[in-house]
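Protein chains in written order, with our numbering: chain R, 35 to 224; chain U, 35 to 224.
From the three backbone atoms N, C-alpha and C, an ideal C-beta is built for every residue, glycine too.
Structure record follows, encoded as structure tokens.
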DNA sequence: AGGCGGAACGCAATGACGTTGCTTTAAGGT
DNA sequence: ACCTTAAAGCAACGTCATTGCGTTCCGCCT
């Protein structure tokens, strides 16, 4: 399981976790990925390396932890008054953030140090949550909306696949195209 | 660039490369991922560790190299006489292989030690090649077939997304469903 | 066919990293 | 306020990653 599920959430443990996460972000910004090492992070955080090894296991799991936190959406998707507009805006922003070099790095980190797949699942859950918010809003308006799984398959999955497996640049028009496909699909629930 | 693009393809270099790759496969099968370390691989391959470090950089790049080789399809997709049958059979087999624990491990390895994304691109190119073979066969028969990119977006991408980001098990019915969607989509070229 | 340049490998040393047992601290419950 | 116990500090050890230098052998050119 993920080390973030702390049995002792308060006080020193929380301070250490925050200090370590901050140290990772700072060192990454200052010196780049190459200089990121457990002893370096520990020194910056004012902590001994063994603490990091015990709590996170290794550098990859720590980076995965930090990456997932960075991939968490900070606010619900903006409301443009109609399903298509909401989905299009969200997909464009999602693609823009995820396809950027830092975004790609976070995604890779999140996938990388993740033995049981829980961190990757968390990322997917974040995106699914945003999508569900948009779809629920549409249903509230009386619009017809496809199931969330359909949007995940037709919009999110293709974007992530191209981000991960293809070096080509991705455009906002591609996001629009995927939204078109998803909204044209029949509302099946399989 | 990938180290597989050897400037000196013949003789000793080739023997070393093959010995190292074989050593990785053997050790992985015998002792699992945990015991896989550069010195161990080097010892099994009858090579000094520095050789591996020089040629591949680190363990991740070596594993990525081996993983890509394993993900290469060994034969063209089987011909069932009709587009839907061909696509369905191929998607089922693809999902079965990729979603298995070893398949997931190879995918992760391929993505992991891949600074410039060339190995991941190679994986995608393998799948795209198989898909294009199926589609070309369909066009030869006089069938109408969607563009390859559509199939990649609607069939391959969702499968890979779920494999990577969701822990849930995946079924052959899911592959069938994706093929249905792809074949129902309008033949647009965007 | 034979020699030549250069790339790749082997060897060995070094410094950093990952790992672990024991001790110390402090959080949370009684 | 004490007591329990999870979590962090400390320190030492083994292993791994990295690099300079000498040697081998591939590929090519005459």
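Provide the residue span of the alpha helix (DSSP H) that contains residue i, from first to last.
i                      : result
residue 142 of chain R : 135-146
residue 202 of chain U : Per DSSP, residue 202 of chain U belongs to no alpha helix (DSSP H) and is neither H nor E.
residue 105 of chain U : 93-105
residue 174 of chain R : 152-175
Can you check which of these residues, the options, is closest to residue i by C-alpha distance?
i                      : options                    : result
residue 213 of chain U : U:139, U:126, U:55         : U:126
residue 187 of chain U : U:162, U:176, U:75         : U:162
residue 165 of chain U : U:145, U:203, U:189        : U:189
residue 88 of chain U  : U:106, U:50, U:207, U:108  : U:50
residue 149 of chain U : R:217, R:173, R:201, R:104 : R:201
residue 246 of chain U : U:179, U:98, U:185, U:65   : Because residue 246 of chain U is not part of the residues shown, which for chain U are 35 to 224, the question remains open.
residue 57 of chain U  : U:80, U:68, U:47, U:48     : U:80
residue 120 of chain U : U:52, U:177, U:53, U:193   : U:177
residue 130 of chain U : U:209, U:217, U:63, U:218  : U:209
residue 154 of chain R : R:167, R:66, R:194         : R:194
residue 147 of chain U : U:101, U:67, U:65, U:122   : U:101
residue 95 of chain R  : R:71, R:118, R:77          : R:71
residue 104 of chain U : U:199, U:61, U:141, U:65   : U:141
residue 118 of chain U : U:196, U:67, U:172         : U:172
residue 197 of chain R : U:152, U:63, U:60          : U:152
residue 225 of chain R : R:124, R:64, R:76          : No information on residue 225 of chain R is available, as it lies outside the stretch 35 to 224 that chain R covers here.
Please classify residue i as buried or exposed, where buried requires at least 16 neighbouring CB atoms within 10 angstroms.
i                      : result
residue 136 of chain U : exposed
residue 115 of chain U : exposed
residue 156 of chain U : buried
residue 112 of chain U : exposed
residue 110 of chain U : exposed
residue 224 of chain U : Because the pLDDT of residue 224 of chain U is 39, which lies under 50, any placement of that residue in the model is unreliable, and the number read from its coordinates should be weighed accordingly. Counting Cβ neighbours within 10 Å, residue 224 of chain U comes out exposed, since fewer than 16 surround it.
residue 207 of chain U : exposed
residue 215 of chain U : buried
residue 184 of chain U : buried
residue 180 of chain U : buried
residue 203 of chain U : exposed
residue 174 of chain U : exposed
residue 158 of chain U : buried
residue 192 of chain R : buried
residue 143 of chain R : buried
residue 182 of chain U : buried
residue 52 of chain U  : exposed
residue 133 of chain R : buried
residue 82 of chain U  : exposed
residue 205 of chain U : exposed
residue 218 of chain R : exposed
My output table needs one value for residue i: the three-state DSSP class, helix, strand or coil.
i                      : result
residue 88 of chain R  : helix
residue 214 of chain R : helix
residue 38 of chain R  : Note that residue 38 of chain R scores 43 on pLDDT, short of 50, meaning its location in the model is unreliable and no value can be drawn from it.
residue 80 of chain R  : coil
residue 70 of chain U  : coil
residue 184 of chain R : helix
residue 122 of chain U : helix
residue 192 of chain R : helix
residue 219 of chain R : coil
residue 207 of chain R : helix
residue 55 of chain U  : helix
residue 61 of chain R  : helix
residue 112 of chain U : coil
residue 48 of chain U  : helix
residue 128 of chain R : helix
Along chain R, in chain order, which residues have C-beta atoms closer than 8 angstroms to that of residue i?
i                      : result
residue 142 of chain U : 145, 146
Along chain R, which residues have their Cβ under 7 angstroms away from the Cβ of residue i?
i                      : result
residue 110 of chain U : Within 7 angstroms Cβ-Cβ: nothing; residue 110 of chain U doesn't reach chain R, min ~21 angstroms.
residue 151 of chain U : 201
residue 84 of chain U  : Going along chain R, no residue has its Cβ under 7 angstroms from residue 84 of chain U, so there is no contact; the nearest lies around 20 angstroms.
residue 92 of chain U  : Simply none; closest approach about 11 angstroms.
residue 98 of chain U  : Those within 7 angstroms of residue 98 of chain U in chain R number zero; the least Cβ separation is about 12 angstroms.
residue 174 of chain U : By Cβ distance, chain R contributes nothing, its closest Cβ being about 27 angstroms from residue 174 of chain U, past 7 angstroms.
Regarding residue i and the ligand HEM, is the C-beta to nearest heavy atom distance less than 7 angstroms?
i                     : result
residue 72 of chain R : The ligand HEM is not part of this structure, which contains no ligands at all.
Just the chain R side, please: which residues come within less than 9 angstroms of residue i by C-beta, in chain order?
i                      : result
residue 194 of chain U : 191, 194, 195, 198, 199
residue 219 of chain U : 215, 218, 219
residue 130 of chain U : The premise fails here: residue 130 of chain U is roughly 18 angstroms from chain R at the closest Cβ pair, so nothing lies under 9 angstroms.
For a contact meaning CB atoms closer than 7 angstroms, what does residue i contact in chain U?
i                      : result
residue 229 of chain R : Residue 229 of chain R falls outside the range modelled here, since chain R spans only 35 to 224, and no answer is possible.
residue 158 of chain R : 199, 200
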